[in-house]
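Everything in the sequence shown is counted per the working numbering, starting at 159 for the first residue and increasing by one.
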Amino acid sequence: MRHLLSLVTAAALSVSAAATLPSQAVLSGTCCPGAVWSPDSKALLFLDGPPARPATGIYQVPASGGAVTRRFSSVAFFSPKLAWAVRPSNGDNTILERLSDGRRFNLPTRGADVTWTRSETRLAYTRSDTTGNFDRRLSRVYVADVFGAPRQVATLYGGGVSGWVNDTTLLLSGKAQPGVRDRELFTLDIRNGARRSLGQALSFRGVSLSPDGAWVVYYVAFDSKARNGLWIRPTAGGAPRKLDAFGAYRWRDASRLLLIPLRPDGSPHVLREYRVRENAWRTLGDLGDQVRQGDWSVSPDGQRMAYLSARDGNVRVLRVP
Numbered sequence: 159m160r161h162l163l164s165l166v167t168a169a170a171l172s173v174s175a176a177a178t179l180p181s182q183a184v185l186s187g188t189c190c191p192g193a194v195w196s197p198d199s200k201a202l203l204f205l206d207g208p209p210a211r212p213a214t215g216i217y218q219v220p221a222s223g224g225a226v227t228r229r230f231s232s233v234a235f236f237s238p239k240l241a242w243a244v245r246p247s248n249g250d251n252t253i254l255e256r257l258s259d260g261r262r263f264n265l266p267t268r269g270a271d272v273t274w275t276r277s278e279t280r281l282a283y284t285r286s287d288t289t290g291n292f293d294r295r296l297s298r299v300y301v302a303d304v305f306g307a308p309r310q311v312a313t314l315y316g317g318g319v320s321g322w323v324n325d326t327t328l329l330l331s332g333k334a335q336p337g338v339r340d341r342e343l344f345t346l347d348i349r350n351g352a353r354r355s356l357g358q359a360l361s362f363r364g365v366s367l368s369p370d371g372a373w374v375v376y377y378v379a380f381d382s383k384a385r386n387g388l389w390i391r392p393t394a395g396g397a398p399r400k401l402d403a404f405g406a407y408r409w410r411d412a413s414r415l416l417l418i419p420l421r422p423d424g425s426p427h428v429l430r431e432y433r434v435r436e437n438a439w440r441t442l443g444d445l446g447d448q449v450r451q452g453d454w455s456v457s458p459d460g461q462r463m464a465y466l467s468a469r470d471g472n473v474r475v476l477r478v479p
């Protein structure tokens, strides 16, 4: 706890005075937490229904504000490029539908999330035991090409899929045996089983790959002083960097990470940017507001940010400097 407080203090002291970033409310009335960006960065998508809307569905609003329209009449989990609808069904099966032609196939995911490659031609999922201490639960990792049969590529305890580094390499975390203390963060080449260890810790939290898969950021807590903190490291191997910051983070693009430092005093949240290549921070401005419940996201083109306002519950959008 002492180390966590020192991180918070350091982050607060390192944020210089910043101008307020202008933002615009595009959704009002506390209707729409969890809004996500469309692949073209032009709109925000959200789930809604009666009484605010005539029917339940996935709706969208332009990023600059305007009329709300219904994008999908059915509710599902959609792939990042909106090419696929993923619908868990009864029993083990999940139905995956290609939206361009309605063609479907089934996978026995037991309702687990699926993680797509950037090309959305391959996916991975984790099937875990449903009873017992999570740290000791057996988890099996599967991959499948679209319309293909799944195959198991890894067995872990207390872990699973963290993302795709590229179309043939997974990022995974977990334990090799149920009784060991530490988890391992590692890459796995699904073609030949080659592994590259990226680190060990009691737990890896907030694991997030850069859009090109070249970097991974994560934080470690409740471990040793040497391990605790926010870390970034190359997935191809190389020394990790410990970042002198603590807060919520999202990738802006392949080489820039946005971070909102924790502000326990209730003051407006500040938006900072870490440039990976330069290993340098800059402060972009403050929101004049706080983000409610960590609900914020960056558009795929990196030009805008949307967040749920803690002040009025509206979804607001700003241009990132």
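By construction, the Cβ of each residue, glycine as well, lies at the ideal position given by its N, Cα and C atoms.
All values reported here derive from a predicted model rather than from experimental measurement.
Return the residue from the list the options that minimises the CA-CA distance to residue i.
i: L367; options: A359, D402, D411 and N350; result: D411
i: W195; options: Q461, N472 and A468; result: Q461
i: S382; options: R309, Q182, G405 and Q358; result: Q358
i: S455; options: N437, E436 and L417; result: L417
i: L185; options: A221, A394, V299 and W409; result: A221
i: A177; options: Y465, T188, D447 and G351; result: D447
i: P336; options: W322, V323, N264 and S286; result: S286
i: I348; options: R474, D293, P308 and W373; result: P308
i: L346; options: A210, L202 and Y300; result: Y300
i: A334; options: L415, A384, R298 and R363; result: R298
i: E342; options: P369, D293 and S199; result: D293
i: R229; options: S247, D206, G223 and A210; result: D206
Count the other C-beta atoms from every protein chain shown that fall within 10 angstroms of the C-beta of residue i, then say buried if there are 16 or more, exposed otherwise.
i: D353; result: Checking the sequence shown, residue 353 turns out to be Arg, not Asp. Counting Cβ neighbours within 10 Å, R353 comes out exposed, since fewer than 16 surround it.
i: E436; result: exposed
i: N386; result: buried
i: Q310; result: exposed
i: R339; result: exposed
i: A208; result: The sequence given here has Pro at residue 208, not Ala. It counts as exposed.
i: L476; result: buried
i: N472; result: buried
i: A312; result: buried
i: T288; result: exposed
i: F204; result: buried
i: F235; result: exposed
i: V233; result: exposed
i: S277; result: exposed
i: P522; result: Nothing can be reported for residue 522: it is not among the residues displayed for the chain, which extend from 159 to 479.
i: A464; result: buried
i: G269; result: exposed
Beta strand (DSSP E) containing residue i: first to last residue?
i: F344; result: R341 to D347
i: A176; result: Neither: A176 is in no beta strand (DSSP E) and is coded neither H nor E.
i: K400; result: R399 to L401
i: Q448; result: Run containing Q448: none; DSSP gives neither H nor E here.
i: Q218; result: G215 to P220
i: V365; result: R363 to L367
i: P246; result: W242 to P246
i: P392; result: G387 to P392
Closer than 7 Å to a non-hydrogen atom of the ligand SAH - does that hold for the CB of residue i?
i: L415; result: You won't find the ligand SAH in this model; it holds no ligand whatsoever.
Please check the pair residue i and residue j, which I expect to be a contact at CB under 8 Å, by giving their CB distance rounded to whole angstroms.
i: L360; j: F380; result: 6 Å
i: L442; j: P479; result: 5 Å
i: Y432; j: L401; result: 7 Å
i: G215; j: S231; result: 5 Å
i: G371; j: W322; result: 7 Å
Contact the segment 313-320 vs the segment 330-341: 3+ CB pairs below 8 Å: yes
Three or more C-beta pairs below 8 Å linking the segment 298-313 and the segment 250-263: yes
Stretch-stretch touch, CB-based, cutoff 8 Å, three pairs: the segment 277-290 with the segment 235-246: yes
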